[in-house]
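Novice: For the protein sequence lines, the chains are A and B, in the order given. The opening position of the first sequence corresponds to residue 24 in the numbering used here, with each subsequent residue numbered one higher. The opening position of the second sequence corresponds to residue 15 in the numbering used here, with each subsequent residue numbered one higher.
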Amino acid sequence: MERIEEKLKILADAAKYDVSCSSSGSKRKNDGGIGNASQSGICHTYTEDGRCVSLLKILLTNHCIYDCAFCVSRKSNDIQRAAFTVDEVVELTMNFYRRNYIEGLFLSSGIFKNADYTMERLLRIVKKLRLEERYNGYIHLKTIPGASEEMINEAGLYVDRMSINLEMPTEEGLKLMAPEKDHDSVRKPLMHINKQMIAYKGESKLIKHVPKFVPAGQSTQMVIGATAETDFEVMAIAKDFYSNYNLKRVYYSGYIPINNSNSLLPQIGSEPPLIRENRLYQTDWLLRFYNFDLEEILNPNFQKLDLDIDPKLSWALRNPHFFPIDINTADYNAIIRIPGVGRQSAMKIVKARKYGRLHEYQIRKMGIAFNRAKYFMRYADSPFQIGTPSMDVVKGQILQGGNSKYKKILNSAQLQLF
Amino acid sequence: MNYLFDGSFQGLLTCVFEAFEFKDVSVRICEEQSYSADMFSQTRTIITNQTKAERIWKGLSKHLKKSEIRSFYSAYLSEDAQAYQAIFNLMVRGFSTSFNLLHDYGDNDVMTLSQTLKKVGREQHRMKAFVRFQKSNDGLYFSMVDPDFNVLPLIIAFFKNRYADQRWMIYDVRRNYGFMYDKTKVFEIQLFEHTQVNLSIALETIELDDSELKYQRLWKQYFKSTNIEARKNTKLHIQHVPKRYWKYLIEKQSL
């Protein structure tokens, strides 16, 4: 194996726990060189675990001065270490990009020497790609907490997205796992970049050719299931970051045990909380695209998401007074609250009903999950009903009729109790 | 009444024109080569006519946005008989009443068009993602694909903008034609005389650049290393990357 292949193996492996994969949100054009950004992003392939591969996601190095218990690259971990040179990263990126393997580069790094020293190397790679290779594809750069604001500002002019990971959802959790870190060191640079973005946007209204500054915005990531926070706590933090830091995405990463040396963390062999992770993403979507308030889905009296049903269905079952919704008259915002009806189908319903009242055979074709939705809506030929069925009965019928991909896992988990 | 046409988009537009010319109602659109005659129905053979097709196209642009007209063409590229029929019906009905009917998702033809567009759009997006260029010894980045629908015309603008500074070629082996870009313009090409082209044989006809296999190996290595074993989910993997595409995905060949 060539040395570069070995490095790629080590440094891709070390970078893969960062789940952000998106290559969307930027409109960067190709001005006389190679590459551009695709507004909606493109997933070029999918790993065998089903995650999208859009960017070449690597660390510059996995040498690190920190010793965070949840991190595979922590100082005390006995693993192979490697570091790319600036040229190697540029060469890999360009050659993968020219073959249409990737949408761009996702570059992160362990902290070697100090924050500024690391950030300076990352900046050199980014500048070389943009200025020498005339590369206009997507770049996602990790902001190194503690790096100087001047350096962060400069990087923002060349990249599409920046991110810093919160890692543990709560301050206490983080203190436990990484005594050298705190949430403030994440919040501060996120806020700084956000302010810069707003300033550049304000200027571009006045002056025509203001340079782009982090056009695809910022994101962060929380590890789920390593410490004992509730879903309500997790989503409250996410909500804070969406509204106060204008983040484009918050990622939730089910903790995958990587060592047995810390007795506070789940041990190797325990299953990563994949269903919970999925339910958190569904909640995230409901908040961002379906006009739900966090308190409707999770609140101090209901802190934990159901695993056997999705959060929208769960909300509907707890709020029977909201239903049934007549799709021939209701507002779009009410229709998207019907379990099994998404935004696209709701749009079709609203457009189509102008031409006449909608019947079952028509809405079935619009791509909705009819067998789930039927309990919560009325349409032109809905069957006549006396009274409303109890929500326990509805849940039972949906679970029985449905074919959830989680059915098997949840059932087997239940059996183990006996 | 059955209309037989040659399968071209202009032919389909000509059919629309003739339907008004002959005042035919309840017309069934059939491709000539796949038509089998029955005893009872009347048949008209429609000869593709550039002028007639253009008049329909112009007529559409009076009533519809560019993206809506384009959607008829995208749906046509599905090469599906039902889609041809829906396009024909919607154009005829649109011209005789109003093209507002395109928003009536409760309508069968509109639904067929919408479902077809979804399928074609998915394949178009997949081709942007799954095209894998290999570099030849004379610096051409080439790719052979085998898409479900005839989507190459829908993706060349994307590749032209993105890979503006390299020569490239994307070839559809199933339909035996492709597009070549020479750093200034894109043109259509046909590489093989016979119509059935075998992908692996076609690939062997081009000599590779010295560094090509190295980057293929690096890419496979990356694909392997970025996978998280503890999260293995083969069903999801195959759902996103259906097996029929594996034959031209470098990362799905053995390391």
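For each residue, glycine too, the CB sits at the ideal point set by N, CA and C. Please read these numbers as outputs of a predicted model, since none were measured by experiment.
Taking Cβ-Cβ distances shorter than 9 angstroms, what residues in chain B pair up with residue 84 (chain A)?
Specialist: Here residue 84 (chain A) refers to the residue found at position 61 of the first sequence. Going along chain B, no residue has its Cβ under 9 angstroms from residue 84 (chain A), so there is no contact; the nearest lies around 16 angstroms.
Novice: For the region 238–326 of chain A, which segments carrying the alpha helix (DSSP H) assignment without a break, of at least 4 residues, lie completely within its bounds, in sequence order?
Specialist: If we require 4 residues or more, the alpha helix (DSSP H) runs fully inside the region 238–326 of chain A come out as 254–268, 297–312, 317–320.
Novice: When DSSP labels each residue in this structure, what does residue 231 (chain B) get in the three-state scheme?
Specialist: As a working mapping, residue 231 (chain B) is identified with position 217 in the second sequence. Helix.
Novice: Within the continuous beta strand (DSSP E) that includes residue 185 (chain B), where are the two ends?
Specialist: The residue you call residue 185 (chain B) lines up with position 171 of the second sequence. Residues 182–186.
Novice: For residue 156 (chain B) and residue 102 (chain A), what's the separation of their Cα atoms in angstroms?
Specialist: Along the second sequence, one-based indexing puts residue 156 (chain B) at 142. Along the first sequence, one-based indexing puts residue 102 (chain A) at 79. Taking the straight line joining both Cα atoms gives about 39 angstroms.
Novice: Throw me the rounded Cβ distance for the residue 269 (chain A) and residue 240 (chain A) pair, which I believe falls under 8 angstroms.
Specialist: As a working mapping, residue 269 (chain A) is identified with position 246 in the first sequence. As a working mapping, residue 240 (chain A) is identified with position 217 in the first sequence. That pair is a contact at about 7 angstroms.
Novice: Assign residue 19 (chain B) to buried or exposed, taking buried as 16 or more other Cβ atoms, counted over all protein chains shown, within 10 Å of its Cβ.
Specialist: Counting from 1 along the second sequence, the entry for residue 19 (chain B) is found at position 5. Residue 19 (chain B) is buried by the Cβ-count criterion.
Novice: I believe residue 105 (chain A) touches residue 162 (chain A) by the beta-carbon criterion, under 8 angstroms. Please report the beta-carbon distance rounded to the nearest angstrom.
Specialist: Taking the first residue of the first sequence as 1, we reach residue 105 (chain A) at position 82. Taking the first residue of the first sequence as 1, we reach residue 162 (chain A) at position 139. At roughly 22 angstroms, the Cβ-Cβ gap does not stay under 8 angstroms, so residue 105 (chain A) and residue 162 (chain A) are not in contact.
Novice: Extract the residue ranges of the alpha helix (DSSP H) inside the region 97–164 of chain A, only unbroken runs of 4 or more that lie entirely within it.
Specialist: Runs found: 109–121, 138–150.
Novice: Hey, does residue 78 (chain B) have any beta-carbon neighbour from chain A nearer than 8 angstroms?
Specialist: By one-based count along the second sequence, residue 78 (chain B) stands at place 64. Residue 78 (chain B) does not count as touching chain A.
Novice: Our contact map puts residue 255 (chain B) next to residue 429 (chain A) with C-beta atoms below 8 angstroms; I'd like the distance itself, whole angstroms only.
Specialist: The residue labelled residue 255 (chain B) in the question sits at position 241 within the second sequence. The residue labelled residue 429 (chain A) in the question sits at position 406 within the first sequence. Going by Cβ atoms, the distance from residue 255 (chain B) to residue 429 (chain A) rounds to 22 angstroms, so no, they are not a contact pair.
Novice: From the DSSP output, in three-state form, read off residue 236 (chain A) for me.
Specialist: The residue labelled residue 236 (chain A) in the question sits at position 213 within the first sequence. Residue 236 (chain A): coil per DSSP, three-state reduction.
Novice: Give every residue of the same chain whose Cβ lies closer than 6 angstroms to the Cβ of residue 151 (chain A), excluding the five residues on either side of it in the sequence, and list them in chain order.
Specialist: The residue labelled residue 151 (chain A) in the question sits at position 128 within the first sequence. Closer than 6 angstroms at Cβ, skipping near neighbours: 113.
Novice: Is it the case that the region 90–103 of chain B contacts the region 35–53 of chain B, given that we only count it when at least three CB pairs across the two stretches are under 8 angstroms?
Specialist: Result yes; three or more Cβ-Cβ pairs closer than 8 angstroms.
Novice: Quick one: is residue 133 (chain A) buried, meaning 16 or more other Cβ sit within 10 Å of its Cβ, or exposed?
Specialist: Along the first sequence, read from residue 1 onward, the residue named residue 133 (chain A) stands at position 110. Buried, by the Cβ-count rule.
Novice: Is there contact between the region 79–91 of chain B and the region 154–173 of chain B, where contact requires at least three CB pairs shorter than 8 angstroms?
Specialist: Output reads yes: the region 154–173 of chain B touches the region 79–91 of chain B.
Novice: Name the residues in the region 120–140 of chain A whose C-beta lies less than 7 angstroms from a C-beta of chain B; which are they?
Specialist: Answer in chain order: 121, 122, 123, 124.
Novice: Say whether the region 247–267 of chain B touches the region 36–56 of chain A, bearing in mind that this needs 3 or more beta-carbon pairs closer than 8 angstroms, one atom from each stretch.
Specialist: The region 247–267 of chain B, when compared against the region 36–56 of chain A, does not touch it at the 8 angstroms Cβ threshold.
Novice: What whole-angstrom Cβ distance do residue 248 (chain A) and residue 289 (chain A) have, given they're in contact under 8 angstroms?
Specialist: As a first step, residue 248 (chain A) must be located in the first sequence, where it is residue number 225. As a first step, residue 289 (chain A) must be located in the first sequence, where it is residue number 266. Confirmed, about 7 angstroms.
Novice: Rounded to whole angstroms, what's the CA-CA distance from residue 82 (chain B) to residue 21 (chain B)? Just pull it up for me.
Specialist: By one-based count along the second sequence, residue 82 (chain B) stands at place 68. By one-based count along the second sequence, residue 21 (chain B) stands at place 7. Those two C-alpha atoms are separated by around 21 angstroms.
Novice: Let me confirm a value: residue 278 (chain A) is counted as buried when at least 16 other C-beta atoms fall within 10 Å, else exposed. Which label applies?
Specialist: Residue mapping note: residue 278 (chain A) aligns to position 255 of the first sequence, counting from 1. Buried: at least 16 other Cβ atoms inside 10 Å.
Novice: Residue 174 (chain B): which of B:199, B:32, B:28, B:239 sits nearest, CA to CA?
Specialist: Numbered from its first residue, the second sequence carries residue 174 (chain B) at position 160. That would be B:199, whose Cα lies nearest to the Cα of residue 174 (chain B).
Novice: Can you confirm whether residue 125 (chain B), when its beta carbon is compared against all beta carbons of chain A, has any partner nearer than 8 angstroms?
Specialist: Your numbering for residue 125 (chain B) matches position 111 in the second sequence. Yes - at least one Cβ of chain A is within 8 angstroms of the one on residue 125 (chain B).
Novice: Closer than 7 angstroms by beta-carbon distance: list the chain B residues that pair up with residue 108 (chain A), in chain order.
Specialist: Taking the first sequence and counting its residues from 1, one reaches residue 108 (chain A) at position 85. Result: empty, since nearest Cβ-Cβ is about 15 angstroms, beyond 7 angstroms.
Novice: Using a Cβ-Cβ cut-off of 6 angstroms (strictly less than) and excluding sequence neighbours within five positions of residue 188 (chain B), which residues of its own chain qualify?
Specialist: As a first step, residue 188 (chain B) is located in the second sequence; it is residue number 174 there, counting from the start. Taken in chain order, the residues that qualify are 160.
Novice: Is there at least one Cβ from chain B nearer than 8 angstroms to residue 212 (chain A)'s Cβ?
Specialist: Translated into positions along the first sequence, residue 212 (chain A) becomes position 189. No, its Cβ sits nowhere closer than 8 angstroms to a Cβ of chain B.
Novice: Considering just the uninterrupted stretch of the alpha helix (DSSP H) at residue 103 (chain B), what are its terminal residues?
Specialist: Within the second sequence, the letter at position 89 stands for residue 103 (chain B). Unbroken alpha helix (DSSP H) run through residue 103 (chain B): 95–110.
Novice: What beta strand (DSSP E) runs, 3 residues minimum, are completely inside the region 149–177 of chain B?
Specialist: List check, beta strand (DSSP E) in window: 155–159.
Novice: Let me know the secondary structure DSSP gives residue 21 (chain B) once reduced to three states.
Specialist: As a working note, residue 21 (chain B) is residue 7 in the second sequence. If DSSP states are grouped into helix, strand and coil, residue 21 (chain B) belongs with coil.
Novice: What whole-angstrom Cβ distance do residue 130 (chain A) and residue 88 (chain A) have, given they're in contact under 8 angstroms?
Specialist: One-based indexing of the first sequence puts residue 130 (chain A) at position 107. One-based indexing of the first sequence puts residue 88 (chain A) at position 65. About 19 angstroms; that fails the 8 angstroms criterion.
Novice: Give the secondary structure of residue 191 (chain A) by DSSP, where H, G and I count as helix, E and B as strand, and everything else as coil.
Specialist: Position 168 of the first sequence, counted from the start, is the residue given in the question as residue 191 (chain A). Here residue 191 (chain A) sits in coil by DSSP.
Novice: Just the C-alpha distance for residue 242 (chain B) and residue 42 (chain A), rounded to the nearest angstrom, thanks.
Specialist: Taking the second sequence and counting its residues from 1, one reaches residue 242 (chain B) at position 228. Taking the first sequence and counting its residues from 1, one reaches residue 42 (chain A) at position 19. The straight-line gap from Cα to Cα measures roughly 11 angstroms.
Novice: When you compare each of B:94, B:225, B:145, B:38 to residue 131 (chain B) by their alpha carbons, which one comes out closest?
Specialist: Indexing the second sequence from 1 puts residue 131 (chain B) at position 117. Selected option, being the one with the closest Cα: B:94.
Novice: Is it the case that the Cβ atoms of residue 180 (chain A) and residue 234 (chain A) are separated by a distance below 8 angstroms?
Specialist: Working through the first sequence from its first residue, we reach residue 180 (chain A) at position 157. Working through the first sequence from its first residue, we reach residue 234 (chain A) at position 211. Yes. Within cutoff.
Novice: Which residue comes first and which comes last in the beta strand (DSSP E) that contains residue 201 (chain B)?
Specialist: Taking the first residue of the second sequence as 1, we reach residue 201 (chain B) at position 187. Counting along the chain, the beta strand (DSSP E) containing residue 201 (chain B) begins and ends at 200–203.
Novice: Can you tell me whether residue 192 (chain B) is helix, strand or coil according to DSSP?
Specialist: On the second sequence, position 178 is the one that residue 192 (chain B) refers to. Strand, per DSSP.
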